[in-house]
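Numbering (full-length UniProt numbering), first residue to last: 1 to 530.
Here it is, written out as structure tokens:
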């Protein structure tokens, strides 16, 4: 594939295209502890240190890179130039005056970013305004280090955007976006074994798994019980909003899997501690502790996959095959045991630009959930569904009556008032029954935000059946739960892996029955397009 790499000198004057480019590799990474965006070219001589390279990728996005390390090599003939360039945002390392001292209390990310970019060619772009204000202090740092510092402080991720009016004029506008992780596009892209997934490498990070995590904030001065003693410094803890406990604790399941062995050979907690010296309120510290728990209560896993884009008959690659760092994608590899089915964010991308994306190495981090985990949560939810079956059926019956009355009202226009009143009465009865069931919503327990897998559809209908759950599920009496109450508490999400989207709530139907062996069978039916 032919791709233009337009060269500009450090003052913004065009120098023409890079000549005879025969290698071009783009590497981008947005790992939590680092940010990297580089371009490596091999071409004829003519590109100098301090020059800028701009090009447009297969998705129509413009890029600009700052040449930092050109190297000339002679191999069997004419000299060849190896060019290493970095994202042009890194120019603020030298273009932004040194920040000798800056300190402001309780400011949002927009104000902080505006200050860091002040005096540069860069403008503030899209900002996630939902994050809490922070105390910002910068001292004796350059612009690039300051940018990384405030990104870490707010828990946000910066990305660059460019607007080009013409290749003759170069980049017209440069923007820095400040967004939360996993704010990328849900592309609907799925890499699948036997199709475009060539290899998978699964790596567990060295970070330990904790089952009890102590979280502290900024130090504060407190008085001691003894009036003769001086005040002392103590770290803020989450105890005031966590039942007096300065720690969060994982579930028993996590403890049984990731706990440690004590002196007697029994299972004990795996202890960890984190200090956030920039957080000075208990409420903000508790919010951060919840985020820390997500990271440390489960092992952190990364997946690196080699993928190949699928070309159309005319040799082109369709837009839905193109992915970028930050996008959310799915990976399916049935050669793993159990089969690997996961969804995660692309945190690293290496791409051969001259192959139009046909050769890519994608790193997927922050995995959301696997199909095996789906089945575990489904089992919990089905028990709650069964307990609510009597009330559920009654509610459905009343709702059907209301629906029938409404239909009669449409068909008998002459008697609309009378029939509409009857429909209203039956609707009120259904609402009363649903309200009664709300009192027992707690029966669902910890089954919240459950995601159920819907692997494939036949004639726009997919049915998932779970049976053999045991006679214990049928023991009475049960507090009733309606279908409405279960949906409200569990917040189930059905993922259609064919359409790469969540199935609308109104498309879901569930039925419960028993086998001759008295085992519970729950059938979840999803209607596509309902």
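Glycine included, each C-beta is placed from N, C-alpha and C at the ideal position.
Reduced DSSP category for residue i - H, G, I as helix; E, B as strand; rest coil
i: residue 80; result: strand
i: residue 192; result: strand
i: residue 4; result: coil
i: residue 29; result: strand
i: residue 230; result: coil
i: residue 10; result: coil
i: residue 85; result: strand
i: residue 140; result: strand
i: residue 273; result: strand
i: residue 355; result: helix
i: residue 19; result: coil
i: residue 67; result: strand
i: residue 24; result: strand
i: residue 59; result: coil
i: residue 117; result: helix
i: residue 337; result: coil
Limits of the unbroken alpha helix (DSSP H) element including residue i
i: residue 95; result: 92 to 95
i: residue 149; result: 143 to 154
i: residue 290; result: 282 to 296
i: residue 254; result: 252 to 258
Limits of the beta strand (DSSP E) - the one that residue i falls within
i: residue 123; result: 122 to 127
i: residue 210; result: Here residue 210 belongs to no beta strand (DSSP E), and DSSP marks it neither H nor E.
i: residue 104; result: 99 to 107
i: residue 302; result: 301 to 307
i: residue 158; result: 157 to 166
i: residue 351; result: 340 to 352
i: residue 238; result: Careful: residue 238 lies outside any beta strand (DSSP E) and carries neither H nor E.
i: residue 44; result: Where residue 44 is concerned, there is no enclosing beta strand (DSSP E), given that its DSSP letter is neither H nor E.
i: residue 53; result: 52 to 56
i: residue 360; result: 360 to 365
i: residue 178; result: 170 to 179
i: residue 248; result: 247 to 249
i: residue 329; result: 328 to 333
Contact test: residue i Cβ vs the ligand SAM heavy atom, cutoff 7 Å
i: residue 105; result: Of ligands this structure carries none, so the ligand SAM is not represented either.
Proximity below 8 Å, CB of residue i to CB of residue j
i: residue 307; j: residue 197; result: yes
i: residue 126; j: residue 179; result: yes
i: residue 280; j: residue 218; result: yes
i: residue 326; j: residue 160; result: no
i: residue 21; j: residue 43; result: yes
i: residue 65; j: residue 81; result: no
i: residue 123; j: residue 174; result: yes
i: residue 163; j: residue 170; result: no
i: residue 272; j: residue 213; result: yes
i: residue 3; j: residue 353; result: yes
i: residue 215; j: residue 117; result: no
i: residue 210; j: residue 277; result: no
i: residue 275; j: residue 240; result: no
i: residue 333; j: residue 232; result: no
i: residue 17; j: residue 28; result: no
i: residue 531; j: residue 151; result: Because the chain is modelled from 1 through 530, residue 531 falls outside the range shown and cannot be assessed.
i: residue 191; j: residue 329; result: yes
i: residue 144; j: residue 92; result: yes
i: residue 296; j: residue 331; result: no
i: residue 351; j: residue 26; result: yes
Presumed contact (8 Å Cβ cut-off) between residue i and residue j, rounded CB distance
i: residue 305; j: residue 364; result: 7 Å
i: residue 138; j: residue 102; result: 4 Å
i: residue 119; j: residue 96; result: 6 Å
i: residue 45; j: residue 14; result: With a Cβ gap of about 18 Å, residue 45 and residue 14 do not count as contacting.
Short CB-CB distance (under 8 Å) between residue i and chain C
i: residue 152; result: Annotation note: the requested chain C is absent from the structure, which comprises a single protein chain.
How do the stretch 67 to 81 and the stretch 127 to 134 stand: do at least 3 beta-carbon pairs fall below 8 Å, yes or no? no
Evaluate the contact criterion for the stretch 84 to 93 versus the stretch 102 to 115: three or more CB pairs, one atom per stretch, below 8 Å. no
Is there contact between the stretch 8 to 15 and the stretch 44 to 58, where contact requires at least three CB pairs shorter than 8 Å? yes
Taking contact to mean at least 3 C-beta pairs separated by less than 8 Å, is the stretch 343 to 355 in contact with the stretch 192 to 207? no
Three or more beta-carbon pairs under 8 Å between the stretch 281 to 293 and the stretch 245 to 252, yes or no? yes
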